[in-house]
Every structure is written in C-alpha cells, then in structure tokens.
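Structure, as structure tokens:
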Amino acid sequence: MKTSKTYNLIWSCILLLFVAACSEDDPNTGNTTPSAFEVTITEIRNTTSKVAWTASTTGVPTTITYAIFLNDSLLIENLTETTYNLSNLAIATTYTVKVEAKNEYSTTSASKDFTTLQPTNLRLKSYNQGNYEFILNYNAQGLLTYRGNPSPIGYTNIDFTYNQNNEILTENSKYRDATGNPKGILTYEYSNTTLTGLTIQQTGEDFSADSDFQFDAPLNYRYTVNGEILTGGPPEVFNYNYEVTLETDSNNKITKYTRLNTDDSHVDRVYFEYDNGNLTKLTNGSNITEITYDEANNWHTYRSGFNPSFYSPAARDIGGFIYYPNTLYWLNQIPYFFNFNNKNNPTAYKVNGEVVTSFQYEYNAANYPSKITIPQQNVVIDLEYEAVD
-9 MKTSKTYNLI WSCILLLFVA ACSEDDPNTG NTTPSAFEVT ITEIRNTTSK VAWTASTTGV
51 PTTITYAIFL NDSLLIENLT ETTYNLSNLA IATTYTVKVE AKNEYSTTSA SKDFTTLQPT
111 NLRLKSYNQG NYEFILNYNA QGLLTYRGNP SPIGYTNIDF TYNQNNEILT ENSKYRDATG
171 NPKGILTYEY SNTTLTGLTI QQTGEDFSAD SDFQFDAPLN YRYTVNGEIL TGGPPEVFNY
231 NYEVTLETDS NNKITKYTRL NTDDSHVDRV YFEYDNGNLT KLTNGSNITE ITYDEANNWH
291 TYRSGFNPSF YSPAARDIGG FIYYPNTLYW LNQIPYFFNF NNKNNPTAYK VNGEVVTSFQ
351 YEYNAANYPS KITIPQQNVV IDLEYEAVD
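Just so we're aligned, residue -9 is where the sequence shown starts under the working numbering, counting upward by one.
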C-alpha cells in the first residue's frame, strides 16, 4: 500500500515536470496578447513606399487584424494581410509608420521610420494665384496635354495634342463658357520630322486674325496675318506679309531675329543674349530688356505655347515668362520661343535700366520655388509639383 502511494507520487511529479517543460518550449501557450513583430519599409520612391511586417501570433486561437498609422494618423484598419502600399507621400520627407496588431484581448504595436527619395526632376502640377489658378495634365510620355481650370466659366483652357513622333500638332485655347469664345487654335504641319507650316487662328468678341507660317528652311520662314477689327461700323480689315531670317549660336539659341514687311519694306531687328541657359537680354532698337535670375530649378517646367491676344494679364505666359513687360512681346511672334524655358527663375525684369517687375521666392526641399511673390502686381502664387519618373 505504501509502495503504491509512492509510485503515484512519483508519476504525479513526472507529469508536472512534463507540463512545465512543454510550457517552456511554447511560451505563447495560453497567451492571448498578440506577439511582438517586425516592420520593414521597402520600395521607397519619391512619393510611394511599401510597408511589410512579420505575422503576430497568440498562444490560443484568436483573430488578429492590423491597423496602419502614418505619423499618428490612421490610414487603414482591419487588415488581415501583412503588407500595405503607401502613396501620395511628399518628396524628401521623413515619416513614421506604426503597425498595430489587434485581437479581442489586447494590442501590440511596432514602428519604423523612413524618408522618401529626393527626385532628380519635378514638373509643375498646379498654379494657384487666388483669383487665377490652373492645373496641368501630362500624357504617358511626359508631354503636356492640358493647362487650365475645369471650372465652368472665367478661365482660359489649353489642350495640346501630339503626333506619333511626340511633336506638337495642335494647341487649342478657349474660355470655358457657353459660347466657347474667345479662342485660339494652332495647327502644326510636318514633313517627316521637319516643321513646314503653322497656322494660328484667333477669334475674339471684336476681332479675328489668321496667321499662316511657311518654313522654307530651319532659319528662314514667311508668314501672313489677315484679320478684321469690329468697331460697330464696317469691319476694319488688315493684311500683313513678312519674311523672317534667324541667326543662332553654337547651342542653337536664337541670337538675332530679322523681320521684313514685304508690303512697305519696314525691317525689325531683335537681338537676344543668354547666360547659363537663361535669356538675359533682348534688344529692339532703343529698347533694352534685361532679366536677372536666381540659381534654383525653374518652376516653369511646361511649354508656354502661343498666347492669343485675348489672354488676361494673369494668364499671359510666353517663353517661360509671366507678368512680362511689353518689350518681351517679340517672344510671342517667334515660334521657337513657344517651347522655350530658362534654366533658372527670373528675379527681375529691367527695361532701359529700370526695374519694372521683381520676383521673390520660397523654395521646397528639391530647390524649386513653392511660392512666388510679385510686389509690383500685389500677386502671390503657390506652386505644387509632382515627381517625374
């Protein structure tokens, strides 16, 4: 009898030791709290990244879901997978990602910091001047397809189309109102990849004008301008015929523009000077326009195109210049400048030695202007960009 009790005691001890050993082998046995896990950030880009984490477990059957926080703001919850793609991030910005593993009993979290990449190039996405704003859309090749504002009235909108060689085919400018007027339509013609013709049609409330360009050679072309002005009486009809000769430097930048009016033999000559990829001086007779620049990336990343005469001062944009003096009018007469951009940002326009317009900038992390202030016009412009892949 005593021996039997002794054996029972021994077996009880062995069983207790076995259970204890099993508990040491599986520390989650009976644990209801989600276990610790590790977060990693991969595929970091300019504005996107991917979050992944190891699965959290418990010692008892339970359902674990995950919530994602970005800088303490909840992005999504009730996830069951262990990856999540982040998008619409700011460039060159540090973020903290926190992942929470939850069940009906408790919550366990893990965090990871990362910084989005600094892009090599940006392109303008939106331009907001308060009472004048526009957005820009691009195609898969990075070419500008739309500049304007989809609001029902009051804004100039421009649509651009291209051929299979990514050469500009049309520019269609119009006010988005009930009549579609005023408007301006440009149509480009090519032989293989050489520009051979350009037509410009402008229609306003009190005028119309058609310009027809014929390019005989890269540095020589002819064009005519026909139109009429409506003054309440009989239309005032006008017609001009011109021949143009261009001279360029070793970088194919125009240095001299000579225009002959073949009707009255009047000759206009305009001279252009450049420095560090920027147009710095334009001379036409006694009028001298000088332009100074900063050393930052140019905010004007898109093609200006042609500016119809009906554009409001806020909408005028030629050769990459806004709020320009009348002495820069010539840029809108030369198709070469429809697609011209400077390397840096103008800080001042000076006409015959006097500053007529100045620009002040605030810059983003990529050294592009994020805000433009023009004191003479009492104008403040906010700029937003997107990364170029």
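For glycine and all other residues, C-beta sits at the position ideal for the given N, C-alpha and C.
Here the structure is a predicted model, which is why all the values come from computation and not from measurement.
Helix, strand or coil at residue i according to DSSP, with G and I counted as helix
| i | result |
| --- | --- |
| residue 329 | helix |
| residue 314 | coil |
| residue 122 | coil |
| residue 246 | strand |
| residue 109 | coil |
| residue 321 | helix |
| residue 365 | helix |
| residue 277 | strand |
| residue 100 | strand |
| residue 72 | coil |
| residue 203 | strand |
| residue 299 | coil |
| residue 81 | coil |
| residue 371 | strand |
| residue 53 | coil |
| residue 95 | coil |
| residue 351 | strand |
| residue 294 | coil |
| residue 37 | coil |
| residue 282 | strand |
| residue 359 | strand |
Length of the line joining the Cα atoms of residue i and residue j
| i | j | result |
| --- | --- | --- |
| residue 334 | residue 57 | 44 Å |
| residue 108 | residue 175 | 38 Å |
| residue 65 | residue 184 | 52 Å |
| residue 289 | residue 114 | 7 Å |
| residue 384 | residue 37 | Missing from the structure shown is residue 384; the chain here goes from -9 to 379 and no further. |
| residue 190 | residue 326 | 14 Å |
| residue 356 | residue 371 | 18 Å |
| residue 299 | residue 255 | 25 Å |
| residue 60 | residue 52 | 26 Å |
| residue 295 | residue 164 | 14 Å |
| residue 218 | residue 195 | 11 Å |
| residue 200 | residue 78 | 44 Å |
| residue 319 | residue 247 | 13 Å |
| residue 305 | residue 146 | 7 Å |
| residue 376 | residue 226 | 47 Å |
| residue 84 | residue 117 | 25 Å |
| residue 293 | residue 43 | 45 Å |
| residue 124 | residue 291 | 14 Å |
| residue 263 | residue 32 | 48 Å |
| residue 303 | residue 311 | 12 Å |
| residue 21 | residue 139 | 59 Å |
| residue 417 | residue 80 | Examination of residue 417 is not possible in this model, given that the chain is present from -9 through 379 alone. |
| residue 280 | residue 242 | 21 Å |
| residue 284 | residue 270 | 12 Å |
| residue 188 | residue 76 | 46 Å |
| residue 130 | residue 220 | 43 Å |
One or two residues paired with residue i in a DSSP bridge
| i | result |
| --- | --- |
| residue 29 | 43 |
| residue 175 | 162 and 191 |
| residue 60 | 63 and 87 |
| residue 345 | 340 |
| residue 268 | 265 |
| residue 307 | 312 |
| residue 377 | 112 |
| residue 181 | 184 |
Beta-carbon separation (whole angstroms), residue i vs residue j, contact threshold 8 Å
| i | j | result |
| --- | --- | --- |
| residue 212 | residue 232 | 7 Å |
| residue 313 | residue 347 | 6 Å |
| residue 41 | residue 73 | 7 Å |
| residue 328 | residue 336 | That belief does not hold up - the Cβ atoms of residue 328 and residue 336 are roughly 18 Å apart, past 8 Å. |
| residue 252 | residue 209 | About 18 Å; that fails the 8 Å criterion. |
| residue 39 | residue 104 | 6 Å |
| residue 98 | residue 26 | 6 Å |
| residue 93 | residue 378 | The Cβ separation is near 44 Å, so there is no contact. |
| residue 358 | residue 286 | 7 Å |
| residue 368 | residue 360 | That pair is no contact at about 19 Å. |
Any C-beta of chain C under 8 Å from that of residue i
| i | result |
| --- | --- |
| residue 88 | Judged by its chain identifiers, the structure shown contains no chain C, having just a single protein chain. |
What ranges does the beta strand (DSSP E) occupy inside the region 208 to 264, keeping only unbroken runs of at least 3 residues that lie completely in it?
Complete beta strand (DSSP E) runs here, min 3: 210 to 219, 226 to 238 and 244 to 251.
Kindly provide the ranges of any beta strand (DSSP E) runs that are 3 or more residues long and lie completely inside the region 128 to 166, ordered along the chain.
Scanning the region 128 to 166 from its first residue to its last, the whole beta strand (DSSP E) runs of 3-plus residues come out as 134 to 138, 146 to 152 and 158 to 165.
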